[in-house]
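Q: Numbering (the numbering used here), first residue to last: 303 to 597.
My questions all concern the structure below.
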DNA sequence: GCGACAG
DNA sequence: ATCTTGTCGC
């Protein structure tokens with residue numbers, strides 16, 4: 303049905319010794335999962351009116367997920383899950399998983415690269431019976447703001463939401479161009495809106511569909527973030543929760559996952575360098591022994 | 001036809 | 001996604 307961009311009809315050389323990702327299967331998988339997507343509020347908790355509210359049945363634990371990569375070895379990835387207490391916006395749980403990711407990044411198919419590892423971390427936490435298990439998940443990547451088809455589509459946040467059966471919100475730090483929406487169009491919308499810093503602009507495409515919203519979270523920042531619904535949540539609720547968790551440009555759950563994930567890789571690298579240095583020293587000592595003690 | 005394309 | 005110093009401002 304859809305012509306695949308990677309497909310080259312006149313492929314004469316290089317008989318694909320490295321099998322390319324099967325987009326046809328990925329598309330089928332997305333379409334299948336998409337049937338289970340719920341685009342309205344579907345949860346038992348309520349949003350607290352103020353931070354000191356301590357009634358039962360309120361939203362309290364918000365998760366954030368992200369993956370960072372090592373530049374030295376781009377297949378080495380650190381999947382990260384953090385959980386924040388909505389009352390304090392402090393991290394109450396964190397977990398990391400170091401894995402080798404072989405699936406390439408293909409625009410539009412981010413979930414097939416990143417979702418498996420994130421689902422695994424979530425599953426591990428769920429099985430552990432932790433009382434901090436998130437009631438909602440913020441995802442570093444888009445939800446229905448996703449470039450396939452004429453109507454809503456199916457980004458990482460949707461994918462994770464359906465597979466983990468959790469309400470999810472997608473947070474993009476860059477715009478994924480879709481339905482005529484691009485940087486300059488968004489600038490127009492933002493400037494036309496005459497907004498204060500924590501207001502949102504609906505991302506209305508050429509077709510008239512609302513794909514999500516753009517927000518300039520900080521007074522000083524020109525660069526907006528892009529919010530779209532993932533699963534079991536309405537855009538209105540999603541935006542409210544983003545407002546409640548934004549200390550800086552990016553909502554705290556995403557920001558903390560981002561920071562801590564990068565930190566994990568950084569420490570790992572430092573560790574490796576230390577070992578390398580010790581190894582070097584050891585070798586040179588060995589050399590010295592050979593050199594000076596042979597006599 | 002060419003360019004654009006979340007992380 | 002990753003690399004990277006200082007710099008400007010509250």
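Note that CB positions come from ideal geometry on N, CA and C, so glycine has one too.
Every value quoted in this text rests on a predicted model; they were computed, and no experiment measured them.
Residues in the same chain with beta-carbon distance under 6 Å from residue 481, minus the five sequence neighbours each way, listed in chain order, please.
A: Once the five neighbours on either side are set aside, the close Cβ partners of residue 481 are 507, 508 and 509.
Q: Using only CA atoms, which one of 523, 570 and 520 lies nearest to residue 374?
A: Here the closest residue by C-alpha is 570.
Q: What does DSSP give as the partner residues of residue 502 in its beta bridges?
A: 517.
Q: What span of residues does the alpha helix (DSSP H) with residue 329 cover, start to end?
A: Element bounds for residue 329: 325 to 336.
Q: Return the first residue and the last residue of the alpha helix (DSSP H) that residue 423 is part of.
A: Looking at the DSSP string, the run of the alpha helix (DSSP H) that includes residue 423 is 412 to 430.
Q: With DSSP as the reference, identify every bridge partner of residue 399, one or two as the case may be.
A: Paired residue(s): 381.
Q: Can you tell me where the alpha helix (DSSP H) with residue 463 in it begins and where it stops?
A: 458 to 466 is the span of the alpha helix (DSSP H), which, as asked, contains residue 463.
Q: Helix or strand or just coil, what does DSSP make of residue 545?
A: If DSSP states are grouped into helix, strand and coil, residue 545 belongs with the helices.
Q: Let me know if residue 550 comes out buried or exposed under the rule of 16 or more other beta-carbons within 10 Å of its beta-carbon.
A: With fewer than 16 Cβ atoms within 10 Å of its Cβ, residue 550 is classed as exposed.
Q: Hey, could you find the ends of the beta strand (DSSP E) residue 530 is sitting in?
A: Run containing residue 530: 527 to 533, per the beta strand (DSSP E) assignment.
Q: Which residue marks the beginning of the beta strand (DSSP E) containing residue 438, and which one marks its end?
A: Note, residue 438: beta strand (DSSP E), 438 to 442.
Q: State the Cα-Cα distance for the pair residue 535 and residue 579, rounded to the nearest angstrom.
A: Near 51 Å, if we compare the C-alpha coordinates of residue 579 and residue 535.
Q: Using the rule of at least 16 other Cβ atoms within 10 Å of the residue's Cβ for burial, across every protein chain shown, is residue 379 buried or exposed?
A: Flag for residue 379 reads buried.
Q: Between the stretch 415 to 422 and the stretch 388 to 406, do at least 3 Cβ pairs fall closer than 8 Å?
A: In short, these stretches touch, since the Cβ pair count reaches three.
Q: Can you have a look at residue 309 and say buried or exposed, based on whether 16 or more other CB atoms are within 10 angstroms of its CB?
A: In this predicted model, residue 309 has a pLDDT of only 38, less than 50, meaning its place in the structure is not dependable enough to derive any value.
Q: Taking residue 363 as part of the beta strand (DSSP E), name the residues at either end of that continuous run.
A: Segment 363 to 371, the beta strand (DSSP E) holding residue 363.
Q: Assuming residue 466 contacts residue 443 under a Cβ cut-off of 8 Å, what Cβ separation, rounded to an integer in Å, is found between them?
A: Contact flag wrong, Cβ pair sits at about 14 Å.
Q: Can you give the Cα-Cα distance for residue 491 and residue 502, rounded to whole angstroms?
A: Residue 491 and residue 502: Cα-Cα distance of roughly 10 Å.
Q: Tell me the residue span of the beta strand (DSSP E) that contains residue 346.
A: No beta strand (DSSP E) holds residue 346; DSSP gives it neither H nor E.
Q: Distance, Cα to Cα, residue 432 vs residue 564?
A: For residue 432 and residue 564, the distance between alpha carbons rounds to 24 Å.
Q: Residues bridged to residue 392 by DSSP?
A: Partner(s): 387.
Q: Straight-line CA distance for residue 388 to residue 547?
A: Taking the straight line from one Cα to the other gives about 7 Å.
Q: Label residue 526 either buried or exposed according to how many other C-beta atoms from any shown protein chain fall within 10 Å of its C-beta, with 16 as the threshold for buried.
A: By the 10 Å Cβ count, residue 526 comes out buried.
Q: Please report how far the alpha carbon of residue 485 lies from the alpha carbon of residue 528, in whole angstroms.
A: The straight-line gap from Cα to Cα measures roughly 11 Å.
Q: Taking residue 530 as the reference, give the member of 542, 520 and 359 with the closest Cα.
A: Of the candidates 542, 520 and 359, the one whose C-alpha sits nearest the C-alpha of residue 530 is 542.
Q: For residue 596, collect the residues of the same chain with a Cβ closer than 8 Å to its Cβ; drop the 5 residues on either side in sequence, then sort them by chain order.
A: Note that residue 596 has pLDDT 43, beneath the 50 cutoff, so the model's placement of it is unreliable and the number below is only indicative. Closer than 8 Å at the Cβ level, and outside the excluded window around residue 596, lies no residue.
Q: If you run the structure through DSSP and keep just helix, strand and coil, what is residue 339?
A: Coil at residue 339, not helix or strand.
Q: According to DSSP, residue 474 sits in a beta bridge with which residue or residues?
A: Note: residue 474 sits in a beta bridge opposite 528.
Q: Using only the alpha-carbon positions, how far apart do residue 406 and residue 334 sit?
A: Cα to Cα, residue 406 sits roughly 22 Å from residue 334.
Q: Here's the rule I'm using: 16 or more other beta-carbon atoms within 10 Å means buried, otherwise exposed. How should residue 555 be labelled?
A: Buried is the call here.
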